[in-house]
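Notes to accompany the following structure.
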Amino acid sequence: MQIAKERLLQERKNWRKEHPYGFTAKPVMSEDKETQDLFRWECWIPGKSGSPWEGGIYKLNMEFSEDYPNKPPKCKFSPVLFHPNIYPSGTVCLSILNEDEDWRPSLTIPQILVGIQDLMNNPNEKSPAQAEPYLLFTQNKAEYLTKVRKQAEECRPRN
């Protein structure tokens, strides 16, 4: 657990110094409301400029185990996104988040978040996680894009 905690403290320090533009990531407050829970982060991913996701800001929860960085964090959108590679639970289906596939302990939180942003705009047809978005994406892309744009509008920050 100590290795995970030290790594997450370093990730937080590095994030404060430099992170991708428009992204937010920070540990959530513990139940005592006085300390941060380094093992649970609240993140916000902006829709990529020029994509149907543009304008939306998408909330993602990251949960780290005591085995981090040897095991990847669990990443879950809230609310659940309409996307072929997002399970109905909101969990992201991405090879870099799977320890049996492309996860590497050297991956950082910014790299994970940018990877998820890239997946949003470039779904992986070989790894469907949700039937309706997958079928629309593969059989009726225009309708799929219409739904994504509507979702982006719903996730647009309100001032």
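Under the working numbering, the first residue of the sequence shown carries the number 9, and numbering increases by one thereafter.
Note that beta-carbon positions come from the ideal geometry of N, C-alpha and C, so glycine has one too.
No experiment lies behind these values; they were computed from the predicted model shown.
Which first and last residues belong to the alpha helix (DSSP H) in which residue i is found?
i	result
Ile12	In the sequence as presented, Ile is not what sits at residue 12; that position holds Ala. Per DSSP, Ala12 belongs to the alpha helix (DSSP H) from 10-25.
Asn129	117-129
Rounding to the nearest angstrom, what Cα-Cα distance links residue i and residue j in this structure?
i	j	result
Thr154	Ile11	45 Å
Ser114	Pro80	10 Å
Leu46	Phe72	8 Å
Cys101	Pro87	16 Å
Trp23	Pro118	8 Å
Ile120	Arg48	15 Å
Met70	Leu143	28 Å
Pro60	Ala160	7 Å
Asp40	Thr116	28 Å
Tyr29	Asp126	14 Å
Pro96	Pro141	11 Å
Tyr76	Glu109	16 Å
Phe145	Ser57	20 Å
Mapping DSSP to helix, strand and coil, what is residue i?
i	result
Thr43	coil
Leu68	strand
Val88	coil
Glu50	strand
Pro165	coil
Pro141	helix
Lys134	coil
Lys56	coil
Ser103	helix
Glu74	coil
Glu62	coil
Tyr152	helix
Lys79	coil
Arg157	helix
The beta strand (DSSP E) that contains residue i, what's its start and end?
i	result
Phe85	82-85
Thr99	Per DSSP, Thr99 belongs to no beta strand (DSSP E) and is neither H nor E.
Lys3	Because the chain here runs from 9 to 167, residue 3 falls outside it and cannot be looked at.
For residue i, is the classification buried or exposed, using 16 other Cβ atoms within 10 angstroms of its Cβ as the cut-off for buried?
i	result
Pro92	buried
Ala4	The chain is shown only over 9 to 167; residue 4 falls outside these bounds and no answer can be derived.
Met128	buried
Glu162	exposed
Ala139	exposed
Between residue i and the ligand FMN, is there a pair consisting of the residue's CB and a ligand heavy atom that are separated by less than 7 Å?
i	result
Leu68	The ligand FMN is not part of the structure shown, which contains no ligands of any sort.
Consider the Cβ of residue i: report whether some Cβ of chain D lies at a distance smaller than 8 Å.
i	result
Ser73	As a matter of chain content, chain D is missing from the structure shown, which is built from one protein chain.
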